[in-house]
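This report concerns only the one structure given below.
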Amino acid sequence: MSEQESTPPAKPETTVEPATPGVKDNPTLIIGAGPAGLTAGYLLAKQGLPVIVFEAEDQVGGIAKTEVRDGPGGKYRFDLGGHRFFTKVREVDDLWHEIMREEFLKRPRMSRIYWNKKFLDYPLRGPDVIKKLGPIELTRATLSYFWAQIKPKGREDTFEQWVSNRFGKRLFDLFFRSYTEKVWGVPTSEIRAEWAAQRIKGLSFFSAAKAAFFGNRGNEIKTLIGEFHYPRYGPGQMWEQMTDDIRNLGGQVLLETTVEKLVVSDGRVTKLIAGGKEYESNYVISSLPLRNVVGMADPHPKPEVVAAAKGIRYRDFLTVSLVLDGEDLFPDNWIYIHEPEVRVGRIQNFRSWSPWMVPDPDKACVGLEYFCFAGDDLWEMDDDKLVELGMRELEQLGLARPDMLEFGFATRVPKAYPMYDMDYADRITAIRGWLDGIENLQQVGRNGLHRYNNSDHSMLTAMRAVDNLVKGTDHDIWAVNAESVYHETEEQDSQQPYIEAPETEAQKQPLHR
1 MSEQESTPPA
11 KPETTVEPAT
21 PGVKDNPTLI
31 IGAGPAGLTA
41 GYLLAKQGLP
51 VIVFEAEDQV
61 GGIAKTEVRD
71 GPGGKYRFDL
81 GGHRFFTKVR
91 EVDDLWHEIM
101 REEFLKRPRM
111 SRIYWNKKFL
121 DYPLRGPDVI
131 KKLGPIELTR
141 ATLSYFWAQI
151 KPKGREDTFE
161 QWVSNRFGKR
171 LFDLFFRSYT
181 EKVWGVPTSE
191 IRAEWAAQRI
201 KGLSFFSAAK
211 AAFFGNRGNE
221 IKTLIGEFHY
231 PRYGPGQMWE
241 QMTDDIRNLG
251 GQVLLETTVE
261 KLVVSDGRVT
271 KLIAGGKEYE
281 SNYVISSLPL
291 RNVVGMADPH
301 PKPEVVAAAK
311 GIRYRDFLTV
321 SLVLDGEDLF
331 PDNWIYIHEP
341 EVRVGRIQNF
351 RSWSPWMVPD
361 PDKACVGLEY
371 FCFAGDDLWE
381 MDDDKLVELG
391 MRELEQLGLA
401 RPDMLEFGFA
411 TRVPKAYPMY
421 DMDYADRITA
431 IRGWLDGIEN
441 LQQVGRNGLH
451 RYNNSDHSML
461 TAMRAVDNLV
471 KGTDHDIWAV
481 NAESVYHETE
491 EQDSQQPYIE
501 APETEAQKQP
511 LHR
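Each residue of the sequence shown is one higher than the one before, starting from 1 at the first, in this note's numbering.
As structure tokens, then:
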């Protein structure tokens, strides 16, 4: 780990006798050291079982890693995408605290929407909405909503149809269309309704209005959550600590080791080739994108499976991280940028996530998030040009001046978001049919299942995969979070309650050292 001290690893449990033959004899091979892969590796190693985790990059964590750069006053830390730690799944929450011990902070959420050259509070507040939208626009939106209830769109195949039926066409055009198309790079008529149902189910015109005018206490919509938890040194601290624990428990985590081939014979992966070496395999847990898994299989699957894998689409992502001279540009954790005149989609203020991310109290540290496709003009732009673009757009938004820049850099994340285009479901079905014929390979995680999961559900897929190996259960990994339900509903569920972490020692220590 970096300058923070590594906490003592969890004590290994007595080696279990797995229900599945061979798990104890040879290492389970895990592809990918993101949240899902590391969770699987840790849970197996903790039970005294051999495990090898392969990671192509030089750092663990995947999209949830924390970048670290030296700068004025010490080390600056940058989160890629903003990763709140909140879950309704008790076993995930327990594991977070088992790994992090006393390193969690409880952070207040503050976020706003930059829309029509105005900042709107988010969660919405009634007086603020009335002031910013104005009575005429508010009346139009309300009438549009009631019209949608009287004459709803008959089909709900697309994001546009799903949202318009629940909010009205006027609010869809005002708030949902521009930002969604900026994120995904395609018209909302080409995005499946499943994505809307999964991400914003439960949030409706009236639930948002209720929260805006009467507050969110007791409201069951978790998009409006007021607090979250966060590791002191960013999300990467969680995955770095988990990596340390795996190694201390006898497992291996191999960085800069790319898996090149999966050899399949008689319905089993018999070995994989990684970093030029062969590894025999009894069982494989993979968080690789489905496109990659199909592409590295030897022999290749049927042509229709290969075609389905090639047709799967992803939205790529890059962050322009900037350190600026002066105090924080804004108090928010992040701001959603709906403004179509700039390309940035969201801006993070890293100090608002954790004061320990920024060592110098006289410097501001922000991350500008850009959604793109690998190979497009943004993706191919030189880093210095991206830094210039970021500063120019901060100035355009009235947040900073170019002369405030201390230093900056760009981080590119390929395949960051699985796309829910109109053909994705048929393609996934074809690939699943092939995977079902490989008995010792389990896919887990966001890209492993091509599902827009948050970290907690990605970890839960890994937990279920480990249960299948160790306990002999028959969990359907594809069923985890498969229902069209928003990931962070605040509705209290006796089976999956939200565990509110206690105050920790980390919160009592000085901010700068």
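For every residue, glycine included, the Cβ atom is placed at its ideal position computed from N, Cα and C.
Practice item. If I'm right that Ala-309 touches Val-294 with Cβ under 8 Å, what's the distance once you round it to whole angstroms? Key: Indeed, because the Cβ distance is near 4 Å, the residues count as touching under 8 Å.
Check your understanding: How do the stretch 43 to 57 and the stretch 298 to 306 stand: do at least 3 beta-carbon pairs fall below 8 Å, yes or no?
Key -> Counting Cβ pairs under 8 Å, fewer than three are found: no touch.
Point to revise | Endpoints, alpha helix (DSSP H) assigned at Lys-46 | key: 35 to 46 is the span of the alpha helix (DSSP H), which, as asked, contains Lys-46.
Practice item. Run through the stretch 338 to 375 for me and flag every whole alpha helix (DSSP H) of 4 or more residues, listed as ranges in chain order. Key: 350 to 353
Check your understanding: What separation, rounded to the nearest whole angstrom, lies between the Cα atoms of Thr-258 and Gln-59?
Key -> Between the C-alpha atoms of Thr-258 and Gln-59 there is a straight-line separation of about 13 Å.
**Study point:** Proximity to Glu-103 [Cα-Cα], best of Tyr-233, Lys-118, Trp-353, Asp-93
**Key:** Tyr-233
Point to revise | Bounding residues of the beta strand (DSSP E) (the contiguous stretch that carries Gln-442) | key: From DSSP, the beta strand (DSSP E) with Gln-442 extends over 441 to 443.
Review point. Quick check: the stretch 153 to 160 against the stretch 188 to 195, are there 3 or more CB pairs under 8 Å?
Key: yes
**Study point:** Contact set for Glu-395: own chain, Cβ-Cβ below 7 Å, skip 5 residues either direction
**Key:** Arg-401, Pro-402
Check your understanding: Since Glu-55 and Ala-33 are thought to touch, with beta carbons under 8 Å apart, how far apart are those beta carbons, to the nearest angstrom?
Key -> 4 Å
**Study point:** Contained beta strand (DSSP E) runs [length at least 3] in the stretch 223 to 288, N- to C-terminal order
**Key:** With a minimum length of 3 residues, the continuous beta strand (DSSP E) runs that stay inside the stretch 223 to 288 are 227 to 231, 252 to 254, 259 to 265, 268 to 274, 277 to 280, 284 to 286.
Review point. Should Tyr-179 and His-300 be called a contact, given that it needs their Cβ atoms to be closer than 8 Å?
Key: Not a contact, by the Cβ cut-off of 8 Å.
Exercise for review: Using alpha carbons as the reference points, say which of Leu-262, Arg-268, Lys-271, Asn-282 lies closest to Leu-288.
Suggested key: Leu-262
Check your understanding: Do you know whose CA, among His-83, Val-89, Asn-282, lies nearest Gly-62's CA?
Key -> Measuring from the Cα of Gly-62, the nearest candidate turns out to be His-83.
Check your understanding: Would Val-183 pass as a contact of Gly-345 if the rule is Cβ separation under 8 Å?
Key -> yes
Check your understanding: Once you ignore the five residues that flank Asp-298 on each side, which residues in its own chain have a CB closer than 6 Å to its CB?
Key -> Lys-261, Val-263
Check your understanding: How is Tyr-420 classed by DSSP in three states: helix, strand or coil?
Key -> Tyr-420: coil per DSSP, three-state reduction.
Exercise for review: Please report the Cβ distance between Ile-285 and Ala-19, rounded to the nearest whole angstrom; I am assuming they are in contact, meaning their Cβ atoms lie under 8 Å.
Suggested key: The pair is not a contact, with the Cβ atoms about 16 Å apart (cut-off 8 Å).
**Study point:** Host beta strand (DSSP E) of Glu-115 (start-end)
**Key:** According to the sequence shown, residue 115 is Trp rather than Glu. Taken as a continuous stretch (DSSP letters only), the beta strand (DSSP E) holding Trp-115 covers 111 to 115.
Check your understanding: What's the call for Phe-146, buried or exposed, on a 16-neighbour Cβ count within 10 Å?
Key -> Under this definition Phe-146 is an exposed residue.
**Study point:** Glu-181: first and last residue of the uninterrupted alpha helix (DSSP H) it sits in
**Key:** 177 to 184
Exercise for review: Assign Val-485 to one of three DSSP states: helix, strand, or coil.
Suggested key: With a pLDDT of only 42 at Val-485, under 50, the local geometry of the prediction cannot be trusted, and no value is derived from it.
Point to revise | C-beta atoms of Asp-332 and Ser-111 nearer than 8 Å | key: yes
Point to revise | Length of the line joining the Cα atoms of Lys-118 and Met-404 | key: 23 Å
Check your understanding: How about the stretch 248 to 258 and the stretch 134 to 141: do they share at least three Cβ pairs that are nearer than 8 Å?
Key -> no
Exercise for review: Assign Glu-491 to one of three DSSP states: helix, strand, or coil.
Suggested key: The predicted model places Glu-491 with a pLDDT of 35, which falls under 50 and marks its position as unreliable; any figure quoted below should be read in that light. Glu-491: coil per DSSP, three-state reduction.
Exercise for review: Can you tell me which of the three DSSP states Pro-414 falls into?
Suggested key: strand
Point to revise | Buried versus exposed call for Thr-28 [16 or more other C-beta atoms within 10 Å across all chains shown] | key: buried
Check your understanding: Tell me the DSSP bridge mates of Leu-105?
Key -> Tyr-230
Practice item. Using a threshold of 8 Å, state whether the C-beta atoms of Leu-441 and Leu-449 are closer than that. Key: no
**Study point:** the stretch 417 to 437 in contact with the stretch 376 to 383 per 3-pair CB rule at 8 Å
**Key:** The answer is no - the stretch 376 to 383 does not touch the stretch 417 to 437, with fewer than three Cβ pairs under 8 Å.
Check your understanding: Among Ser-354, Val-366, Glu-393, Asp-360, which has the Cα closest to the Cα of Arg-107?
Key -> Of Ser-354, Val-366, Glu-393, Asp-360, the residue nearest in Cα terms is Ser-354.
Practice item. Starting from Gly-295, follow the alpha helix (DSSP H) in both directions and report where the run begins and ends. Key: Boundaries of the alpha helix (DSSP H) around Gly-295: 290 to 296.
Point to revise | Alpha-carbon to alpha-carbon, Ala-416 and Val-444 | key: Roughly 15 Å separates the two Cα atoms.
Check your understanding: Is Thr-158 helix, strand or coil when you go by DSSP?
Key -> strand
**Study point:** Glu-5 to Ile-52 span [Cα, whole Å]
**Key:** Note that Glu-5 has pLDDT 49, beneath the 50 cutoff, so the model's placement of it is unreliable and the number below is only indicative. Going from the Cα of Glu-5 to the Cα of Ile-52 covers about 25 Å.
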